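Reviewing the structure listed below.
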Amino acid sequence: MSSRVEETSRRKKKLNPNVDFYSPPRTTTCIPIDLFTAYILRVRRMSGWTAHILEQFHNPPDRPRRYKESDGMTWIPLNNG
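Going by this note's numbering, the residue at position 29 of the sequence shown is 27; the numbering climbs one at a time, nothing skipped.
Below, the structure is given as structure tokens:
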């Protein structure tokens, strides 16, 4: 079907398809339809998770390992009531 749409657009409108035209047919042949939504959402989130991990690995958060009163800070316990 994609080939027919491509041929028709070239013949009638003189347009060549771009790379986005080929993405859906290829993706739907590689991923089962019942897993498609979950797979696409996970792939998108995985790139964000990977970015966070790499950011923290290369530039760790600036947190002290433990607090000492000698650093000029005093420990004030919270009142439970």
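Beta carbons: idealized from backbone N, C-alpha and C, even for Gly. Every value quoted in this text rests on a predicted model; they were computed, and no experiment measured them.
Checklist entry - Between R42 and S21, what straight-line distance do the alpha-carbon atoms span, to the nearest angstrom? => result If you draw a straight line from the Cα of R42 to the Cα of S21, it is about 15 Å long.
Next on the checklist: Considering only their Cβ atoms, is the gap separating S7 from P23 smaller than 8 Å?
Outcome noted: Cβ distance not < 8 Å, so P23 and S7 don't count as in contact.
Checklist entry - Can E5 and P15 be called in contact, C-beta distance under 8 Å? => result In this structure, E5 sits away from P15, with a CB-CB distance that is not shorter than 8 Å.
Checklist entry - What is the DSSP secondary structure of L76, counted as helix, strand or coil? => result Coil at L76, not helix or strand.
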